[in-house]
Amino acid sequence: MLQISHLTHRFGSKVAVDDLTLAVPAGSITGFIGHNGAGKSTTLRSVAGILPFTAGTVTVEGHDVRADPIAAKKVMAFLPDSPDLYDFMTGQDFLGFVADLFRIPGPERRARIARYAQAYGLEEELGDVIGSYSHGMKQKLALISAFMRRPRLLLLDEPFVGLDPVAAHTLKGHLRRLCDDGGSVLFSTHVLEVAQALCDDLAIIRRGRLVVSGPTAQVTGDSSLEEVFLELQESAR
Ligand SMILES: Nc1ncnc2c1ncn2[C@@H]1O[C@H](COP(=O)(O)OP(=O)(O)OP(=O)(O)O)[C@@H](O)[C@H]1O
């Protein structure tokens, strides 16, 4: 589904992502773990096609993100940690705009918007302008816009930060369903308990380099992910 090969990104002389190779298979929720500044957001933004990375290749369902960005972007959705939405639009207008962009036909878009708005408890606010939304409400709107597109690959940067517990629970269910339907999820998080409980696979990055990846049970063994993570940090000192 997603193949990242030898991805490198430099900001000037700073190497943010260093020769990173990672595959996310169909059906996998993969957790992307790492310290502050490890390179998670840079990797996700590179995969999403919004950051022109320095070197390497990224393909999504066989579509090269650089050579064929439109085909790649059609099959994936990306949720940044602070979604930058149009404050002057209402939530409803924004979802209509996204549905137009991705050519979701009228009856289907109405059904999907109604379904996801209800799931995230945002129906009553869809008529309000986005500028009046809280951080969590903006996140919910961004989630609705992503799920409504039925992406094959969903990339999320710290999706659980700021979501209320009900929405967080709903999101976990939606991520699982997307993968049960053959899609894939790659998300970054600092909440290691959530990652361990939810993820089929884990990838741990340190200073731009991938240090461990594989099925969750294999990465953690008999330990908690927190123990594994702390040990890796300690051994790298
Ligand atoms: N626009 C930028 N210009 C210069 N350096 C940047 C820029 N964005 C990120 N970096 C640097 O790249 C490195 C990786 O940053 P990145 O945001 O990818 O980390 P992260 O793992 O997502 O961190 P966090 O967990 O804190 O969100 C850091 O050293 C950061 O300072």
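When the count follows the numbering used here, it moves up by one through the sequence shown with no breaks and lands on 286 for the last residue.
Cβ coordinates follow ideal geometry from the N, Cα and C atoms, glycine included.
If you're wondering where the values come from, they're calculated on a predicted model, not measured in any experiment.
Name all residues in chain order for which at least one heavy atom of ligand 1 lies closer than 6 Å to the residue's CB.
60, 63, 65, 83, 85, 86, 87, 88, 89, 90, 91
Looking at the structure shown, is residue 116 part of a helix, part of a strand, or coil, going by DSSP?
coil
In three-state DSSP terms, what is residue 75?
coil
Closest by C-alpha distance to residue 247, when choosing among 81, 283, 64, 52:
81
Any chance you could list the beta strand (DSSP E) runs of at least 3 consecutive residues sitting entirely within the segment 243-283, in chain order?
250-255, 258-264
Between residue 262 and the rest of its own chain, which residues show a CB-CB distance below 8 Å, the 5 nearest in sequence each way excluded?
71, 250, 251, 252, 253, 268
Euclidean distance between Cα positions of residue 211 and residue 105
33 Å
Look up residue 194 in the DSSP assignment and say whether it is helix, strand or coil.
helix
For ligand 3, any of its heavy atoms closer than 7 Å to the Cβ of residue 252?
In the structure on display, ligand 3 does not appear, and the ligands it does have are ligand 1.
According to DSSP, is residue 95 part of a helix, a strand, or is it coil?
helix
Among 214, 191, 178, 190, nearest to residue 138 - alpha-carbon criterion:
178
Might you give, ordered along the chain, the residues of its own chain that have their beta carbon closer than 7 Å to the beta carbon of residue 98, omitting 5 neighbours on each side?
114, 118, 121, 122
Does the count of Cβ pairs from the segment 198-211 and the segment 227-236 closer than 8 Å reach three?
yes
For the beta strand (DSSP E) that contains residue 22, what are its first and last residues?
Any answer about residue 22 is impossible in this case: the structure gives the chain only from 50 up to 286.
Could you check which residue in 266, 53, 255 has the C-alpha nearest to that of residue 108?
53
Do residue 128 and residue 191 come within 8 Å of each other at the CB atom, strictly closer than that value?
yes
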